[in-house]
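Here is the structure we will look at, set down as structure tokens.
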Amino acid sequence: MIQMAITAIDNKNLFSNYYLDKQIKNIHEWKKEEHKIAFSQMRKLYDTEKDFLPILNEKQLEQRFFGPIFKK
């Protein structure tokens, strides 16, 4: 019986597990922290708009939520 390790990666066989587990951590871009600031800003926007999102029409959703996210 083959046992597989449980990881946080849901690899749908697009990349080798070795690449995702070992190699990608050595790539310079993956060591940057810029994404944390952007995620924090998007989270703040979501927290502000979350009560309104279900009732917005497509144009309002684009203007109030997706537009600001894409600008980040």
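In the numbering used here, each residue carries its 1-based index in the sequence shown increased by 12.
Where is the CB? At the ideal position from N, CA and C, for every residue including glycine.
Note that the structure is predicted; figures quoted are calculated from it, not measured.
Determine the DSSP secondary structure at residue 94, reduced to helix, strand or coil. Look at the range of the chain in this structure, 13 to 84, and you will see that residue 94 is not part of it.
Applying the criterion that 16 or more other CB atoms from any shown protein chain within 10 Å of the CB defines a buried residue, is residue 77 buried or exposed? The sequence position of residue 77 within the sequence shown is 65, counting from 1. By the neighbour-count rule (16 or more Cβ atoms within 10 Å), residue 77 is buried.
Report the option in 50, 26, 44, 21 whose CA atom is closest to the CA atom of residue 33. Residue mapping note: residue 33 aligns to position 21 of the sequence shown, counting from 1. Minimum Cα distance to residue 33 is reached at 21.
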